[in-house]
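Enquirer:
Chains as they are written, first to last, in my numbering: chain A, 10 to 280; chain B, 10 to 280.
(1) Could you name the residues of chain A that residue 175(B) contacts, counting a contact when the two beta carbons are closer than 7 Å?
(2) In terms of DSSP beta bridges, what is residue 3(B) paired with?
(3) Drop a sphere of 10 angstroms on the beta-carbon of residue 91(A), count the other beta-carbons inside from all chains shown, and report buried for 16 or more, exposed for fewer.
(4) Can you list, in chain order, the residues of its chain whose CB lies under 6 Å from that of residue 114(A), leaving out five sequence neighbours each side?
(5) Please state whether DSSP places residue 274(B) in a helix, a strand or coil.
(6) Using the beta-carbon count (16 or more within 10 Å), is residue 276(B) buried or exposed?
(7) Work out the CA separation of residue 193(A) and residue 45(B) for me, nearest whole Å.
(8) Under a CB-based cut-off of 9 Å, is residue 52(B) close to chain A?
(9) With a threshold of 9 Å between beta carbons, is residue 211(A) in contact with chain B?
(10) Give me the chain A residues within the contact set of residue 59(B), using Cβ-Cβ distance strictly less than 8 Å, ordered along the chain.
(11) Residue 138(B) by DSSP, collapsed to three states: which one?
(12) Nearest chain B C-beta to residue 164(A) closer than 9 Å, yes or no?
(13) Drop a sphere of 10 angstroms on the beta-carbon of residue 25(B), count the other beta-carbons inside from all chains shown, and report buried for 16 or more, exposed for fewer.
(14) So if I threshold CB-CB distances at 8 Å, which residues from the stretch 115-137 of chain A count as touching chain B?
(15) Starting from residue 231(A), trace the alpha helix (DSSP H) both ways and give me its first and last residue.
(16) Please check if any C-beta of chain A sits within less than 9 Å of the C-beta of residue 252(B).
(17) How big is the Cα-Cα spacing for residue 98(B) and residue 69(B)?
(18) So, is the C-beta of residue 79(B) closer than 9 Å to a C-beta in chain A?
(19) Could you confirm whether any beta carbon from chain B is found closer than 9 Å to the beta carbon of residue 167(A)?
(20) Let me make sure I understand the geometry here. Which of 259(A), 234(A), 199(A) and 178(A) has the alpha-carbon closest to that of residue 57(A)?
(21) To the nearest angstrom, how far is it from the Cα of residue 10(A) to the Cα of residue 274(A)?
(22) Against residue 161(B), what residues of chain A qualify as contacts under a CB-to-CB distance less than 9 Å, listed in chain order?
(23) Measure the alpha-carbon distance for residue 140(A) versus residue 272(B) and round it to whole angstroms.
(24) Are there 16 or more other CB atoms within 10 angstroms of the CB of residue 36(A), so buried, or fewer, so exposed?
(25) With distances taken from CA atoms, which of 50(A), 16(A), 20(A) and 95(A) is nearest residue 260(A)?
(26) If you measure from the beta carbon of residue 275(B) to each beta carbon in chain A, is any gap under 9 Å?
(27) Name the residue from 233(A), 239(A), 174(A) and 227(A) whose alpha carbon lies nearest to the alpha carbon of residue 212(A).
(28) Of the choices 87(B), 33(B) and 214(B), whose alpha-carbon is the least far from that of residue 269(B)?
(29) For residue 39(A), which residues in the same chain have their Cβ closer than 6 Å to its Cβ, ignoring the five residues on either side in sequence?
(30) Within 10 Å of its beta-carbon, does residue 52(B) have 16 or more other beta-carbons around it, so buried, or fewer, so exposed?
(31) Would you please verify whether the beta carbon of residue 70(B) is less than 9 Å from any beta carbon of chain E?
(32) Can you list, in chain order, the stretches of the beta strand (DSSP E) that have 3 or more residues and sit fully within the stretch 73-129 of chain A?
(33) For the beta strand (DSSP E) holding residue 196(B), just list the boundary residues, first then last.
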């Protein structure tokens, strides 16, 4: 083991930016006694359009920042890193377990579907990488995956336009094709999308089950900690320790939108 | 002079990303005989939310990349650099003249307004910097400036949603306040916005004059080259020489949207 861990050790979570806060919120809700350390690489966001070499270097940096806190596990809340650099994180973590949003969302979707038709929405980079479809098909080769990039959902979520008529029109455009292809399960394959969940639900046929990868990873985290006897039963609910590589003006507004509470102290970390 | 220039020397243009292509298009239309070298720092876009120290370093890098081509002038097509690091570019250029979108747009707006009430729209970072208002007020302290950030216009332009009903709803929301404050001139203070010009015009009262900072800088470029005897009267119309620091998947689609022609060869430059 790379360092000694106890049930009281923190859980480290990172993302390319602030989207991973939906993962922090879901883990906190599922496991309120756990200490959480979050790093958002806000100086270098977005990772999606960058080259794989660059993304792998960034993933190593992000992991190193969290490892200073001797976490008992690492959650990769970034779909791009989950898809293209998961092995880099695993290597840097030694025997500390690592889980990623991509596989957690894919697993839960495969468990949920009854007709083996799963939809996936995400950023252009995530959808083009085909990582969700590949992961779902490794878990169940019989399942058909229908993917759709929804590039405006991130800026709409960040602007807090969670019930604007324009967002409804754009959601209707993006999600129309899922009516025709008869999916019964839709994966929100981007950590920003839970913010728009209500509009997505209202747009889709009500029979479609929505898989929020933030919730999926929270479930998986609980399972893993239980299995390894590392669940913290004595901790007290505390704000996550937040680190970012740049502090954008809108950070405090977005934190409130994503987390539903005021921004606590934030540590600025150089990358 | 930092290097010997002739009328045949190229014009160097840079931006933090691809928005500056609207400037390339406007300069090309106004001065079809000029050679244009463009650098878009697509690996490090957006500059707006970054710290001033970082932006100044990037501005120096961008200028150095263009200076390798011994240009006769440099156009700063990036509003953030125009606002926060113009002096860095000037210093790196020696006696080569430098002009920026911000001042060119502000000058033309001040010339155009009859009632001394000017509106400015731009990204969150540009509007928060207050740079347009400050520049307009240095040119004419009597003019009142009304500024509004329109953060969704960049992603809507990049998605090519130039006549989507959702874009109309969002434009109506953003531009509503300009009805009340009686402006007669509106500056498009972001190089992406000319892509949405038609929707912006349809949303505003028809009497409002729109100042496209890309067109403003093309006019200013012609003036400067004429004054200095550096106008190229013998060159042949050619595609711009394009350099980027990363090649996003959507680059070719966006190039076509911005320039109205197929993407020529692009050189990848390390930053």
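Glycine included, C-beta positions come from ideal geometry on N, C-alpha and C.
Expert: Straight from the coordinates:
(1) Within the second chain, residue 175(B) is the residue found at index 166, counting from 1. Those within 7 Å of residue 175(B) in chain A are 175, 178 and 179.
(2) Here chain B has residues from 10 to 280 only, and residue 3(B) is not among them.
(3) The residue given as residue 91(A) occupies position 82 in the first chain. Residue 91(A) is buried by the Cβ-count criterion.
(4) To locate residue 114(A), count along the first chain from 1; it is residue 105. Answer for residue 114(A): 196, 220, 222 and 225, listed in chain order.
(5) Position 265 of the second chain holds residue 274(B). Coil at residue 274(B), not helix or strand.
(6) Position 267 of the second chain, counted from the start, is the residue given in the question as residue 276(B). Exposed, since its Cβ has fewer than 16 Cβ neighbours within 10 Å.
(7) Walking along the second chain from the start, residue 45(B) turns up at place 36. Walking along the first chain from the start, residue 193(A) turns up at place 184. Answer to the nearest angstrom: the Cα atoms are 53 Å apart.
(8) Within the second chain, numbered from 1, the residue matching residue 52(B) stands at position 43. So, interface residue.
(9) Along the first chain, one-based indexing puts residue 211(A) at 202. Not closer than 9 Å to any Cβ of chain B, the Cβ of residue 211(A) fails to qualify, so no.
(10) Position 50 of the second chain holds residue 59(B). Within chain A, the residues near residue 59(B) are 52 and 255.
(11) Position 129 of the second chain holds residue 138(B). In this structure, residue 138(B) counts as helix in the three-state DSSP scheme.
(12) On the first chain, residue 164(A) is found 155 positions in, with the first residue counted as 1. Interface residue, yes.
(13) Against the second chain, residue 25(B) aligns to sequence position 16. By the 10 Å Cβ count, residue 25(B) comes out buried.
(14) 133, 134 and 137
(15) For the purposes of this step, residue 231(A) is taken as residue 222 along the first chain, with counting starting at 1. Its alpha helix (DSSP H) spans residues 222-236.
(16) What you label residue 252(B) is simply residue 243 of the second chain in a count that begins at 1. Judged by the 9 Å Cβ criterion, residue 252(B) is not in contact with chain A.
(17) The residue given as residue 98(B) occupies position 89 in the second chain. The residue given as residue 69(B) occupies position 60 in the second chain. So the two alpha carbons sit approximately 6 Å from each other.
(18) Taking the second chain and counting its residues from 1, one reaches residue 79(B) at position 70. No, residue 79(B) lies away from the interface with chain A (no Cβ there is under 9 Å from its Cβ).
(19) Position 158 of the first chain holds residue 167(A). Yes, residue 167(A) counts as interfacial toward chain B.
(20) Your numbering for residue 57(A) matches position 48 in the first chain. Out of 259(A), 234(A), 199(A) and 178(A), 199(A) has the C-alpha closest to the C-alpha of residue 57(A).
(21) Position 1 of the first chain, counted from the first residue, corresponds to residue 10(A). Position 265 of the first chain, counted from the first residue, corresponds to residue 274(A). Because the pLDDT at residue 10(A) is just 46, under 50, the model does not fix this residue reliably, and the value given afterwards should be weighed accordingly. One C-alpha to the other measures close to 31 Å.
(22) The sequence position of residue 161(B) within the second chain is 152, counting from 1. Those within 9 Å of residue 161(B) in chain A are 161, 164, 165, 168, 170 and 175.
(23) The sequence position of residue 140(A) within the first chain is 131, counting from 1. The sequence position of residue 272(B) within the second chain is 263, counting from 1. Each residue's Cα considered, the two are about 28 Å apart.
(24) Locating residue 36(A) in the first chain gives position 27, counting from the first residue. Classification of residue 36(A): buried, given that the 10 Å Cβ count is 16 or more.
(25) Within the first chain, residue 260(A) is the residue found at index 251, counting from 1. For the residues 50(A), 16(A), 20(A) and 95(A), the minimum Cα distance to residue 260(A) belongs to 50(A).
(26) Along the second chain, read from residue 1 onward, the residue named residue 275(B) stands at position 266. No, residue 275(B) does not count as interfacial toward chain A.
(27) Along the first chain, one-based indexing puts residue 212(A) at 203. For residue 212(A), the nearest C-alpha among the options comes from 174(A).
(28) Within the second chain, the letter at position 260 stands for residue 269(B). The shortest Cα separation from residue 269(B) among 87(B), 33(B) and 214(B) belongs to 33(B).
(29) Residue mapping note: residue 39(A) aligns to position 30 of the first chain, counting from 1. 227 and 231.
(30) Numbered from 1 along the second chain, position 43 holds the residue referred to as residue 52(B). Answer is buried; the Cβ neighbour count reaches 16.
(31) In the displayed structure, chain E is absent; the protein chains listed are A and B.
(32) 82-85 and 107-109
(33) Stepping through the second chain from its first residue, residue 196(B) is reached at position 187. Start and end: 194-197.
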